[in-house]
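Q:
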Amino acid sequence: MFFGYYGIDFTYIVLVLPVVVFAFVMQVRVNSVFKKHSSQRILSNLTGAQVAERVLRSCGVTGVKVERVSGNLSDHFDPKANVIRLSDSVYDSVSVAAAGVAAHECGHAVQYAKGYGPIKLRNSIIPVCQIGSSLSMPLILIGFLFSSQSLVNVGIVFFALAAFFQLVTLPVEFNASRRAVHALEETGTLSESETSSAKKVLNAAAMTYVAALAVSVAQLFRLILLFGGGRRRD
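For the sequence shown, my numbering gives the first residue as 41, with consecutive numbering after it.
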């Protein structure tokens with residue numbers, strides 16, 4: 041019976057499966073777009089690391105290091121260490137894709153330096169959302185098994201917090217990309233056509249965050265539909 045709720049049933053097929061497919065397509069697309077523009081060499085011949093350093097200087101951000109990190113598309117800004125970490129496919133690459141990704145991570149560093157509101161909000165809720173993400177399903181399962189609607193409701197609320205985190209992430213990511221494109225144009229790092237290609241890379245990456253949010257929202261609606269009706273009492 042529980043598998044019917046928690047596993048694959050009509051609600052999963054109707055609500056969740058379509059957005060899971062959408063998320064998969066978006067992930068395939070970002071990999072494809074990144075690969076395509078990784079072969080497009082930029083005229084300035086700057087590596088991803090050099091692009092990052094130039095963008096940081098142009099934005100007046102100091103004290104941020106640029107380091108290499110292993111993995112594919114594992115690029116990120118670490119605010120605690122104040123370090124931008126670029127993957128092997130970005131750090132030494134002189135491609136449009138590398139320039140776009142490097143500038144995007146600089147966008148996050150600029151957000152921290154300028155006190156951008158949404159990124160402050162996202163950081164403030166990270167601990168709660170991490171707890172909620174890890175406890176939501178166990179609480180729903182325990183509540184279902186022991187007929188405790190209260191535990192089920194708490195689990196649903198925790199899951200909603202995790203979905204809210206992904207919602208807050210969207211403006212952070214889109215804003216970082218806008219800052220990146222502006223910096224690439226202002227510094228003359230990319231030509232007009234190269235900037236257009238970099239936008240395609242960043243837009244494809246942004247859609248993976250949209251897809252992740254869509255999956256979480258669909259799963260949340262499913263949980264509310266299946267468990268939030270108060271059919272089981274304490």
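Think of the CB as a built atom: it goes at the ideal place given N, C-alpha and C, for glycine as much as any other residue.
So which of A220, A202, T248 has the shortest CA-CA distance to S98?
A: Translated into the one-based positions of the sequence shown, residue 98 becomes position 58. Closest by alpha carbon: A220.
Q: Quick check: the Cα distance between A139 and A238, rounded to an integer number of angstroms?
A: Position 99 of the sequence shown, counted from the first residue, corresponds to residue 139. Position 198 of the sequence shown, counted from the first residue, corresponds to residue 238. A139 and A238: Cα-Cα distance of roughly 7 Å.
Q: Pairs of beta-carbons, one from the region 132–152 and one from the region 227–238, closer than 8 Å: are there three or more?
A: The region 132–152 vs the region 227–238: in contact.
Q: S190: buried (16+ other C-beta within 10 angstroms of its C-beta) or exposed?
A: To locate residue 190, count along the sequence shown from 1; it is residue 150. By the beta-carbon neighbour count (other beta carbons within 10 angstroms, threshold 16), S190 is exposed.
Q: Using a threshold of 7 Å, state whether the C-beta atoms of V244 and V136 are closer than that.
A: As a working mapping, residue 244 is identified with position 204 in the sequence shown. As a working mapping, residue 136 is identified with position 96 in the sequence shown. A small correction: the amino acid at residue 244 is Ala; Val does not occupy that position in the sequence shown. No; because the gap between Cβ atoms is not below 7 Å, this pair is not in contact.
Q: For the alpha helix (DSSP H) that contains D128, what are its first and last residues?
A: Indexing the sequence shown from 1 puts residue 128 at position 88. Per DSSP, D128 belongs to the alpha helix (DSSP H) from 128–131.
Q: Specify, as a first and last residue, the run of the alpha helix (DSSP H) that K160 falls within.
A: Within the sequence shown, the letter at position 120 stands for residue 160. Here the alpha helix (DSSP H) through K160 covers 157–185.
Q: For S164 and V150, I'd like the C-alpha separation in whole angstroms.
A: What you label residue 164 is simply residue 124 of the sequence shown in a count that begins at 1. What you label residue 150 is simply residue 110 of the sequence shown in a count that begins at 1. A straight line joining the alpha-carbon of S164 with that of V150 spans about 18 Å.
Q: Per DSSP, S135 forms a beta bridge with which residues?
A: Translated into positions along the sequence shown, residue 135 becomes position 95. DSSP output for S135 lists R81 as bridge partner(s).
Q: Apart from the five residues on each side of it in sequence, which residues of its chain come closer than 6 Å, Cβ to Cβ, to G88?
A: By one-based count along the sequence shown, residue 88 stands at place 48. Excluding positions up to five away in sequence, the list reads L126, V130, Y131, S133, A138, A142.
Q: Grab me the residues of T229's own chain with a C-beta within less than 7 Å of its C-beta, minus the 5 sequence neighbours each way, in chain order.
A: Within the sequence shown, residue 229 is the residue found at index 189, counting from 1. Leaving aside the five residues that flank T229 on each side, the residues in its chain whose CB is nearer than 7 Å to its CB run, in chain order, S84, L86, V91, R94, A139.
Q: Consult DSSP for V192 and reduce its assignment to one of helix, strand or coil.
A: Along the sequence shown, read from residue 1 onward, the residue named residue 192 stands at position 152. Reduced to three states, the DSSP call for V192 is helix.
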